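Each residue of the sequence shown is one higher than the one before, starting from 382 at the first, in my numbering. Think of the CB as a built atom: it goes at the ideal place given N, C-alpha and C, for glycine as much as any other residue. All figures in this text were calculated on a predicted structure; none of them were measured in a lab.
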Amino acid sequence: MLTALRTGEIFPTMLARHIATLNHILKGRLTINIINSNLPGVIESPELRYKRCCETIEILKQAWIKESIDFEGEIYQVKLDTTDPVKGAMRFCEVNPKVE
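Below, the structure is given as structure tokens:
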């Protein structure tokens, strides 16, 4: 199943849990497409949307592959001692390399 997710509607750590749960239900067959469009009723600068998207992806990666989350960004600040129950629930594959 392919699903598109807009960043900013759900806090990234809760989003990680939602995605992990859905992936579990689908027996590991979930693919996600993370988009950074405007939130409903809010017009935001592209720079803010891309920053939020990058920070969300970094937090999701930490939640899925690390033992803890320690992230200090401009938009999100997250420090969690454990990533249970989401660690290992998703395989992370970066399709498009980061463009600087």
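query, result
"Rounded to the nearest angstrom, what separates T394 and I424 at their Cα positions?", "24 Å"
"Run through DSSP, which three-state label would L411 get?", "coil"
"Output needed for T412: all residues of its chain with C-beta closer than 6 Å, excluding positions within five of it in sequence on either side, in chain order.", "L383"
"Anyone know if the C-beta pair for G389 and T437 falls short of 9 Å?", "yes"
"Cα separation between F392 and R410?", "23 Å"
"Who are the near neighbours of G454 in its chain, counting only those whose CB is closer than 7 Å to its CB and skipping five residues on each side?", "E436"
"Given I419, which residues of its chain have a CB within under 6 Å of its CB, disregarding the five upstream and five downstream residues?", "Per the sequence shown, the amino acid found at residue 419 is Asn instead of Ile. Cβ within range, chain order: E425."
"Just verifying my parser: in three-state terms, what is the DSSP assignment at L461?", "strand"
"Give the range of the beta strand (DSSP E) segment to which I450 is assigned.", "I450 to E453"
"Is it buried or exposed, L396, if we count other Cβ atoms within 10 angstroms and call 16 or more buried?", "buried"
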